[in-house]
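In terms of full-length UniProt numbering, the sequence shown has 9 at position 9, counting the first letter as 1, and numbering is strictly consecutive.
Positions of the beta carbon are idealized from the N, C-alpha and C atoms, including for glycine.
Presented below is the structure to which this report refers.
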Amino acid sequence: MGRRKIEIAPIVDDRNRSVTFLKRKNGLMKKAYELGVLCGAEVAVIVFAGNGKLYELSLLIY
């Protein structure tokens, strides 16, 4: 049995939105790292949070 499709909508509560952002950001960074390691790809990810804070990941595999 598959998961239900959730409706994509903005998260109104600031704290809830912040927690969700951090969890999803960590998952995105992990996937980007795995892509770089498994495929030998050069990967760069830049993410700006709602508060303007910058998060980045760059990976060069030689």
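Asked, Found
"Buried or exposed by the 16-neighbour rule on C-beta atoms within 10 Å, applied to G36", "buried"
"Expected contact under 8 Å - CB spacing of E34 and L60 to nearest Å", "The pair is not a contact, with the Cβ atoms about 15 Å apart (cut-off 8 Å)."
"Any non-hydrogen atom of the ligand FMN within 7 Å of G40 CB", "Because no ligand of any kind appears in the structure shown, any question about the ligand FMN cannot be addressed here."
"Identity of the residue in D13, V12 and F21 nearest G52 by Cα", "F21"
"L57 versus V45: straight-line alpha-carbon distance, rounded", "5 Å"
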